[in-house]
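Residue numbers (our numbering), protein chains in the order written: chain A, 23 to 164; chain B, 23 to 164. See below for the structure under consideration.
2 protein chains.
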Amino acid sequence: MASTDPLKRALKKEGLRYTQQRQSVWDELCATDDHRDAEEIYLAIRQSELHVSRATVYRTIDVLVKNKMVRKLDLGDGRARYEHKMNATHHDHLICIQCGKIEEFVDEVIESRQDEIVKNFGYKLVRHIHQLFIICDECKTP
Amino acid sequence: MASTDPLKRALKKEGLRYTQQRQSVWDELCATDDHRDAEEIYLAIRQSELHVSRATVYRTIDVLVKNKMVRKLDLGDGRARYEHKMNATHHDHLICIQCGKIEEFVDEVIESRQDEIVKNFGYKLVRHIHQLFIICDECKTP
DNA sequence: TATATTCTGAGACTCATTCTCAATAAGAAA
DNA sequence: TTTCTTATTGAGAATGAGTCTCAGAATATA
Chain A
23 MASTDPLKRA LKKEGLRYTQ QRQSVWDELC ATDDHRDAEE IYLAIRQSEL
73 HVSRATVYRT IDVLVKNKMV RKLDLGDGRA RYEHKMNATH HDHLICIQCG
123 KIEEFVDEVI ESRQDEIVKN FGYKLVRHIH QLFIICDECK TP
Chain B
23 MASTDPLKRA LKKEGLRYTQ QRQSVWDELC ATDDHRDAEE IYLAIRQSEL
73 HVSRATVYRT IDVLVKNKMV RKLDLGDGRA RYEHKMNATH HDHLICIQCG
123 KIEEFVDEVI ESRQDEIVKN FGYKLVRHIH QLFIICDECK TP
């Protein structure tokens, strides 16, 4: 069971009610460090005895993303992936275009160059997407 | 009129026929340096006397993207944008989350750090997406 | 407990993109 | 050229992720 407090805190902050369904979506997201799509979360919850609808999964994820408890990833293949942000530091992703494997990377040099670039334009950086599409070890044909 | 040779060359390479429709899509893409979506390209061609269907616009863009004559951009809002790559050097994008304005940036430091990161993982970099979502001058409320 | 309000689920809906397939056009051969 | 083969096209149907609707269920407040 994932820590329920941040959930209850976020719901209270948004003026929303605490429900079993919302708890189950949050629990399921925290159950792994994977990058799963909404359908996978939905099916995983359905495996348990609890009934949840797709609509509720999407609605709950929205609340979690809005409250920065979950990050939404757009890998460019038409369906969003989600990762919980419990104990996680900022990172970006390497994605294997063959097998879909996702790894994480952090680079302080890149982070500060980004700030620099935006500052030179005179703008304000809100967020960024930085994805390196690669072919991983296992997918390299020898 | 855009240079027709790269088009004919690409079509020949793919074993495809040269048609008025394909020419018109390529011409329209080369007509501006904007980042337009398929519907905008489609409507722009329709403005002229030539008849093209949406399906043909999408199909032709696919060929052009495959042959690196056009770059497909995913700004995360559910519809792809396209930019021609005639005389263009590599660049990434700054996107205003308020007005949608798109600017381009290049940073050699970031480019080489990317290669470094991928090399350290022992992978092979195929392509990357690097987008800085910002609030531009005009959208900053004073 | 009664009442008001929010949540939920099922399925309808949206919208970009892809697919289907009969009619048309391009290009090779004659 | 004309014929013949094969690719291309357009109209609209299909797809699929995600959103919306609304009546019934659950929760909170009086």
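Just so it is clear, CB atoms sit at the ideal spot from N, CA and C, and this is done for glycine as well.
How about the stretch 154 to 164 of chain A and the stretch 62 to 71 of chain B: do they share at least three Cβ pairs that are nearer than 8 Å? no
Tell me the DSSP secondary structure of I119/B in three-state form. On the second sequence, residue 119/B is found 97 positions in, with the first residue counted as 1. Looking at I119/B - three-state DSSP - the assignment turns out to be coil, as it is neither helix nor strand.
Since K107/A sits in a beta bridge, which residues does DSSP pair it with? The residue labelled residue 107/A in the question sits at position 85 within the first sequence. Partner(s): none; K107/A has no beta bridge.
Boundaries of the beta strand (DSSP E) in which D96/A is found, first to last residue: Taking the first residue of the first sequence as 1, we reach residue 96/A at position 74. Per DSSP, D96/A belongs to the beta strand (DSSP E) from V92 to D96.
Contact set for Q43/B: own chain, Cβ-Cβ below 6 Å, skip 5 residues either direction: Counting from one through the second sequence, the residue named residue 43/B turns up at place 21. Excluding residues within five positions, the ones whose Cβ falls inside 6 Å are V74 and T78.
Starting from K146/B, trace the beta strand (DSSP E) both ways and give me its first and last residue. On the second sequence, residue 146/B is found 124 positions in, with the first residue counted as 1. Taken as a continuous stretch (DSSP letters only), the beta strand (DSSP E) holding K146/B covers K146 to I157.
Within 7 Å (strictly less), CB to CB, does Y145/A reach chain B? Taking the first residue of the first sequence as position 1, residue 145/A is located at position 123. Yes, its Cβ sits closer than 7 Å to a Cβ of chain B.
What is the DSSP secondary structure of R58/A, reduced to helix, strand or coil? Translated into the one-based positions of the first sequence, residue 58/A becomes position 36. Correct three-state label for R58/A: strand.
Ends of the alpha helix (DSSP H) at E126/A? Looking up residue 126/A in the first sequence gives position 104. Careful: E126/A lies outside any alpha helix (DSSP H), inside the beta strand (DSSP E) at I124 to F127.
C-alpha gap between E126/A and F143/B, whole angstroms: Residue 126/A sits at position 104 when you count from the first residue of the first sequence. Residue 143/B sits at position 121 when you count from the first residue of the second sequence. Approximately 10 Å between the Cα atoms of the pair.
Is the stretch 48 to 58 of chain B close to the stretch 105 to 117 of chain B, with three or more CB pairs under 8 Å? yes
Using a Cβ-Cβ cut-off of 7 Å, state whether L29/B counts as contacting chain A. Position 7 of the second sequence, counted from the start, is the residue given in the question as residue 29/B. Chain A, which has no Cβ nearer than 7 Å to the Cβ of L29/B, makes this no.
Measure the C-alpha to C-alpha separation of D137/A and L38/A and round it to an integer number of angstroms. Mapped onto the first sequence, residue 137/A falls at position 115. Mapped onto the first sequence, residue 38/A falls at position 16. Each residue's Cα considered, the two are about 36 Å apart.
Using 7 Å as the limit for Cβ to Cβ distance, is D55/A near chain B? Counted from its first residue, the first sequence places residue 55/A at position 33. Closer than 7 Å: no.
Given Q45/A as reference, the closest of K34/A, K30/A and K35/A once Cα atoms are compared: Within the first sequence, numbered from 1, the residue matching residue 45/A stands at position 23. Closest by alpha carbon: K30/A.
Please list the partners that V92/A has in chain B, where partner means a Cβ-to-Cβ separation under 9 Å. What you label residue 92/A is simply residue 70 of the first sequence in a count that begins at 1. Going along chain B, no residue has its Cβ under 9 Å from V92/A, so there is no contact; the nearest lies around 16 Å.
Out of Y64/A, D96/A and G98/A, which has the shortest C-alpha to C-alpha gap to T82/A? Translated into positions along the first sequence, residue 82/A becomes position 60. For T82/A, the nearest C-alpha among the options comes from Y64/A.
Are any of the Cβ atoms in chain B nearer than 7 Å to that of L154/A? Taking the first residue of the first sequence as position 1, residue 154/A is located at position 132. Yes, contact with chain B.
Spatial neighbours of H152/B within its chain, please: CB distance less than 6 Å, with the 5 preceding and 5 following residues excluded, ordered by chain position. The sequence position of residue 152/B within the second sequence is 130, counting from 1. D114, listed in sequence order.
Just the chain A side, please: which residues come within less than 7 Å of V131/B by C-beta, in chain order? Position 109 of the second sequence holds residue 131/B. Correct list: V131 and R135.
Sequence-distant residues of the same chain with beta carbon closer than 7 Å to C118/A, five excluded per side: Taking the first residue of the first sequence as position 1, residue 118/A is located at position 96. So the list reads I156, I157, C158 and C161, once near-sequence residues are dropped.
Run the CB neighbour count on S25/A, radius 10 Å, all protein chains shown included, and call it buried at 16 or more, exposed below. For this step, residue 25/A is matched to residue 3 along the first sequence. With a pLDDT of only 47 at S25/A, under the threshold of 50, the placement of this residue in the model should not be trusted, and no figure is reported.
Taking H167/B as the query, report the chain A residues whose CB atoms sit under 7 Å from its CB, ordered along the chain. Because chain B here runs from 23 to 164, residue 167/B falls outside it and cannot be looked at.
Rounded separation between K90/B and S134/B - CA only: Taking the second sequence and counting its residues from 1, one reaches residue 90/B at position 68. Taking the second sequence and counting its residues from 1, one reaches residue 134/B at position 112. Each residue's Cα considered, the two are about 22 Å apart.
For the putative contact between L154/B and L97/B, defined by C-beta atoms under 8 Å, what is the C-beta separation to the nearest angstrom? Here residue 154/B refers to the residue found at position 132 when the second sequence is read from its first residue. Here residue 97/B refers to the residue found at position 75 when the second sequence is read from its first residue. So it is not a contact: roughly 12 Å between Cβ atoms.
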